[in-house]
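Single-structure report; data block below.
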Amino acid sequence: MLDIKFVRENKEAVKAAAAKKRMTVDVDRVLALDQQRRELMVRLDNDRAEQNRLSKSIGALPADQRAKAAEDVRDLKARLKVMEEEERALDGPLRAALLTLPNVPSPEVPDGLSDADNVEIKRVGTPRKFDFPILDHGEIGTRLGILDQERAARISGARQYMLFGDGCLLEHGILRMAIDHMIEAGFTPVQPPLMVRYEPMEGTAYFPGGEDQAYKMAKDDLYLIGTAEVPVTSIHAGEILDEAELPKRYVAMSPCFRREAGAYGKDTKGLYRIHQFWKVEQVVVDRNDEELSKQHHQTILGNAERLLQKLELPYRVVNVCGGDLGQPQVQKFDIETWMPSRGNYGETHSASRFHDFQARRLELRYRGKDGKVRYCHTLNNTVVASPRILIPLLENHQQADGTVILPEALRPYVAGRERLVARR
RNA sequence: GGAGAGGUGGCUGAGUGGCCGAAAGCACCGCCUUGCUAAGGCGGCAUGGGGUUAACACUCCAUCGAGGGUUCAAAUCCCUCCCUCUCCGCCA
């Protein structure tokens with residue numbers, strides 16, 4: 001959420017932000033509502049002051065004069081009541097409208113309409129040249145007997161997967177490796193709840209707007225998380241932290257649930273887009289400082305990159321363009337890992353910085369050394385998401401004989417296996 | 001699921017209708033004192049919004065889990081909801 005003061009003073013910047021993000025928002029309506037509300041508040045405050053003054057004076061009166069004095073306050077109260085109702089009628093729509101305004105993207109964010117316009121920043125590693133016909137990850141996994149999407153579909157419908165044997169160990173191993181990797185980087189592991197209330201969804205800016213993507217448990221008014229970002233960024237919601245405690249660096253592993261509404265017919269095959277997956281997520285909460293945020297952004301990007309390097313996977317980093325950027329982000333770097341079956345890089349990581357956009361919604365603040373209270377800055381990035389990461393892992397490391405060689409760093413996490421072979 | 005207790009400032013915690021935005025302690029900040037010291041003294045210190053100011057300051061409004069209500073007046077009384085704790089039941 002943007003600061004209403006900022007919107008007042010930077011109307012054109014907000015409009016430009018919306019245009020760059022290819023969003024349609026009504027900034028003028030927000031400002032009109034705000035103007036109305038402020039004018040009302042001045043009158044309301046004055047009348048309330050008057051009422052408070054009168055009420056206080058009644059307390060000092062002798063008992064026999066109170067009833068008459070109280071009488072005089074009553075019509076003032078009636079006026080107040082009308083204004084209070086007006087205020088309520090303005091507050092709701094104003095907040096709702098304010099929640100829809102986009103965060104202002106960094107000047108570094110390239111212009112563009114879709115992910116096709118994202119700008120490549122760097123490439124690391126070279127895609128392997130295969131001297132045999134390659135298989136896609138579905139084929140590899142099925143032949144090895146570690147993946148079964150058919151049975152998964154019978155049990156749970158489309159966009160589901162099941163892993164068996166070494167496939168199962170492989171997934172667990174990668175996730176655990178990612179956790180250890182992040183602990184080494186100084187992050188605190190957290191196990192967050194997987195079901196959350198509306199407020200964390202709104203606070204992290206998934207709601208309003210993303211309701212269709214979330215599984216809701218109607219009986220309990222709880223939502224299954226689509227990412228651990230939601231509960232983890234919300235850990236300190238409503239708190240005023242001490243500057244000395246910052247930065248907070250968390251890493252969380254969780255299942256993630258996404259309805260993928262509107263994605264019909266897109267990536268229907270394989271493990272790319274599914275309803276339930278695992279993700280290790282890194283979250284940083286720190287002071288309200290742009291430069292510091294940018295540094296953290298590079299750091300969490302680097303954390304993910306180093307993991308990919310340990311997994312010996314070629315990848316590239318893109319600077320996500322305006323049209324592909326979400327409402328809350330200031331800037332986003334995606335990491336795309338080489339996926340041989342696609343003959344292209346595919347998104348596996350997403351590193352975002354938000355400034356105080358989420359923090360303002362979450363009431364996530366800190367007291368600075370100067371004694372002033374400010375909203376924090378928040379950031380997050382994937383460390384690894386599975387099974388999507390299995391796509392490049394299986395495909396890049398596949399061998400002519402159908403086996404898959406595991407990168408050395410991963411082996412201790414997969415029961416010491418050097419290679420995945422078909423077992424029975 | 002049943003019964004009970006409670007939610008107050010960064011923290012602990014007092015406050016059952018006007019003198020309370022709120023005692024006291026801790027933490028923190030400033031100044032002073034002191035050099036034997038995990039010390040002492042004085043002062044400051046909730047958040048948001050508005051007015052005013054060059055600024056310091058001053059002032060008004062709201063907020064004591066959330067939302068309604070009673071009253072001239074609510075942290076304090078009533079209702080609903082949320083959360084925490086204790087006991088019982090059930091269960092992993």
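Residue numbers (the working numbering): 1 to 424. For each residue, glycine too, the CB sits at the ideal point set by N, CA and C.
For Y272, the residue or residues it bridges with in DSSP: Y272 is not bridged to any residue.
Bridge partner(s) assigned by DSSP for P412: DSSP, once it has assigned bridges, lists no residue as partnering P412.
Residues of its chain near L451, where Cβ-Cβ distance is below 8 Å and the 5 sequence neighbours each way are ignored: This structure does not reach residue 451, given that the chain is present from 1 up to 424, and the question cannot be answered.
I183 to H397 span [Cα, whole Å]: 27 Å
Buried/exposed call for V27, threshold 16 Cβ in 10 Å: buried
Inter-residue spacing [alpha-carbon to alpha-carbon] between L154 and S350: Before going further, note that residue 154 is Arg rather than Leu in the sequence given. Between R154 and S350, the C-alpha separation is close to 31 Å.
Rounded separation between A415 and I174 - CA only: 12 Å
Inter-residue Cα distance where the pair is S156 and C256: 15 Å
Three-state secondary structure (DSSP) of L194: coil
Start-to-end residues for the beta strand (DSSP E) that takes in V251: K248 to F257
Whole-number beta carbon distance between A261 and D212, since they are thought to touch under 8 Å: 4 Å
Exposed unless 16 or more other CB atoms sit within 10 angstroms - verdict on A359: buried
Alpha carbon of V383 to alpha carbon of L364, nearest angstrom: 24 Å
As assigned by DSSP and simplified to three states, the class of A158: coil
C-alpha distance - A228 paired with P208, whole-angstrom precision: 18 Å
A304 versus E50, D334, Q35 and A60, residue with shortest Cα-Cα distance: D334
Distance, L80 Cα to A178 Cα: 58 Å
As assigned by DSSP and simplified to three states, the class of E211: Three-state DSSP puts E211 in a helix.
Residues that DSSP places opposite F277 in a beta bridge: Per DSSP, C256.
Close-in-space but distant-in-sequence residues of the same chain around R37 (CB under 8 Å, 5 per side omitted): E87, L90, D91 and L94
Nearest-angstrom Cα separation, counted from P247 out to R353: 14 Å
Expected contact under 8 Å - CB spacing of Q331 and E108 to nearest Å: Yes, Q331 and E108 are in contact; Cβ-Cβ is about 6 Å, under 8 Å.
Unbroken alpha helix (DSSP H) run spanning S352, endpoints: Per DSSP, S352 belongs to no alpha helix (DSSP H); it is in the beta strand (DSSP E), N344 to R353.
Simplified DSSP state of S57, which is helix, strand or coil: helix
Residue environment, N380, which counts as buried when at least 16 other CB atoms sit within 10 Å: buried
Burial state of K279, where buried means 16 or more other Cβ atoms lie within 10 Å: buried
For V119, the nearest candidate out of V317, E245, L54 and G368 (CA to CA): V317
Start-end ranges of the beta strand (DSSP E) lying completely within the region 310-336, minimum 3 residues: 315-319
Cβ-Cβ separation, G270 to D136 (assumed contact under 8 Å), whole Å: 7 Å
Alpha carbon of I121 to alpha carbon of S386, nearest angstrom: 25 Å
Whether M253 touches Y223 by CB criterion (8 Å): no
Among E245, E139 and C168, nearest to F277 - alpha-carbon criterion: C168
Alpha-carbon to alpha-carbon, C321 and D115: 7 Å
Buried versus exposed call for T126 [16 or more other C-beta atoms within 10 Å across all chains shown]: exposed
Buried or exposed by the 16-neighbour rule on C-beta atoms within 10 Å, applied to G138: buried
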